[in-house]
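Peer 1:
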Amino acid sequence: MSLPDRGSLVWLLFSPQAGSEQAGRRPGIVLTTLAYHQRSRLAVVCPITSRERGWPMEVKLPSGLPVDGVVLVDRVRSVDRAARKMEVIGEAPAEVLDEIDARLAPLLSL
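So the sequence shown is numbered by numbering that gives the first Met the number 0: it starts at 0 and just counts up by one.
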């Protein structure tokens with residue numbers, strides 16, 4: 000398994016889940032860095048969905064990436080890369096990460 004870096008687009012298992020959390024095998028975007036992944040089995044990710052609803056916590060992915068849809072910024076979570084069978088499939092542009100950061104900051108009072 001290749002190590003993801005910040006901005007890596009990945010497939011992973013979001014199940015088991017509880018309540019309204021995203022479930023099943025789906026794409027996500029990694030928010031933690033390669034340096035972190037070299038020392039930890041965990042990764043902080045946000046799921047990606049194809050159902051765009053226009054909510055403030057959605058970040059639209061540009062066309063031409065391996066996955067289409069929106070990043071659900073308010074569904075951020077820490078996962079075990081091996082247990083969740085994380086597979087790197089591409090990279091998001093820096094502008095997407097900038098938008099995610101801009102939405103995470105007020106959400107987490109950073």
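Every residue, glycine too, gets a C-beta built ideally from N, C-alpha and C. None of the values given here were measured: they were computed from a predicted structure.
Count the other C-beta atoms from every protein chain shown that fall within 10 angstroms of the C-beta of G27, then say buried if there are 16 or more, exposed otherwise.
Peer 2: The residue is buried, with at least 16 neighbouring Cβ atoms inside 10 Å.
Peer 1: May I have the straight-line CA-CA distance separating I99 from I47, to the nearest angstrom?
Peer 2: Those two C-alpha atoms are separated by around 12 angstroms.
Peer 1: Looking at the structure shown, is V72 part of a helix, part of a strand, or coil, going by DSSP?
Peer 2: V72 falls in the helix class under three-state DSSP.
Peer 1: Does DSSP put V9 in a helix, in a strand, or in coil?
Peer 2: Looking at V9 - three-state DSSP - the assignment turns out to be strand.
Peer 1: Could you check how far apart the C-beta atoms of V44 and R76 are, in whole angstroms? I think they sit under 8 angstroms.
Peer 2: That belief holds up - the Cβ atoms of V44 and R76 are roughly 6 angstroms apart, short of 8 angstroms.
Peer 1: Helix, strand or coil for V95, going by three-state DSSP, please let me know.
Peer 2: V95: helix per DSSP, three-state reduction.
Peer 1: Pull up the DSSP beta-bridge partners for D67, would you.
Peer 2: Answer is none; D67 lacks a bridge partner.
Peer 1: Going straight from the alpha carbon of R171 to that of L8, what length do you get?
Peer 2: Residue 171 lies beyond the stretch modelled for the chain, which goes from 0 to 109, so this question has no answer here.
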